[in-house]
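Enquirer: Below is a structure I'd like to ask you about.
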Amino acid sequence: MAEQGAAKDQPRLTHELPVRHFHADPLAAQVGSLNMDEQDFPTLLSVTPVGESVFSATPVGDGGHLFGGHSLGLALSAASATVNAELWPQSIHANFIDAGTAGAEMRLEVQSLRDSRAFAVRQVTVTQGDATPLLMQASFHAGEAGPDWHSDDPFDFPDPESLESDETFLSNMDPIDVRPVNGPSPRGEGHMVPLVHPFWVRPHVQLPDDRMAHAA
């Protein structure tokens, strides 16, 4: 019980760390815009087969830096297209090797590392020309009965509906609604934030009724 109490108090730590330079406007200039609406949202994660276990995709954007989370979602979509529908992604390991370009076509090559009744492992190599923005491994597992160690509300955070949306946080990422539990993030050099700075995060629009889309 003592350990549970300590974990519950963790978000209230008073240690502070200096914020890195993280301003909305420069970031928006560097990262390709992801302006999407509900109708177009599936396009954000769609990949097109161009060969055996090879896919292509063109991440939305205007030539800025490719957002790593977008390339990761596309890679997971490609990997998911090569496994049985009963298998669910359970873990990913990713290395962002080179800088990518938003708006430039990417090639996603999927390699099968393991296939069994309950498990599948895929490696996805994402390339844009001579650059390799991402190398990802994903493990998939069929659902089965077992112990549940998940706690639905370990820190007793406020309900997201009671919090304000931080519209300045990655303001060019229109599909994403970010709601900081401790209030909007401070900006500028010299500002301090708590060691633990939790967020509620969700899309602004309703996702398709596809669990792989939710995972990606």
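In my numbering, each number is its position in the sequence shown, counted from 1, plus 412.
We treat Cβ as the ideally placed atom computed from N, Cα and C, and that holds for glycine.
(1) Is the segment 524-532 touching the segment 478-490, taking contact as three or more C-beta pairs under 8 Å?
(2) Spell out the partners DSSP gives N507 in its beta bridges.
(3) For a minimum of 4 consecutive residues, which ranges assigned as the alpha helix (DSSP H) are wholly contained in the segment 451-524?
(4) Using a Cβ-Cβ cutoff of less than 6 Å, which residues in the same chain neighbour H505 once the five nearest sequence positions on both sides are dropped?
(5) Tell me R614's beta-bridge partners as DSSP assigns them.
(6) Taking the alpha-carbon positions, what's the S503 to E464 distance?
(7) With three or more C-beta pairs closer than 8 Å as the rule, is the segment 568-576 touching the segment 537-546?
(8) When you compare the CB positions of A633 and V522, do they come within less than 8 Å of one another, or not?
(9) Which residue or residues does DSSP assign as beta-bridge partners of A532?
(10) Roughly how many whole angstroms lie between the Cα atoms of G475 and A511?
(11) Please classify S489 as buried or exposed, where buried requires at least 16 other C-beta atoms within 10 Å of its C-beta.
(12) Could you compute how far the alpha carbon of L457 sits from the alpha carbon of V538?
(13) So R519 packs on V466, CB below 8 Å; how close in whole Å?
(14) Is the beta carbon of V630 sitting closer than 8 Å to the one on S574?
Expert: Here's the rundown:
(1) no
(2) L547
(3) 453-456, 480-492
(4) Q549
(5) D589
(6) 24 Å
(7) no
(8) Since the first residue of the chain shown is 413 and the last is 628, residue 633 is not available in this structure.
(9) D527, F552
(10) 12 Å
(11) buried
(12) 14 Å
(13) 7 Å
(14) A question about residue 630 goes unanswered here, because the residues of the chain that appear run from 413 up to 628.
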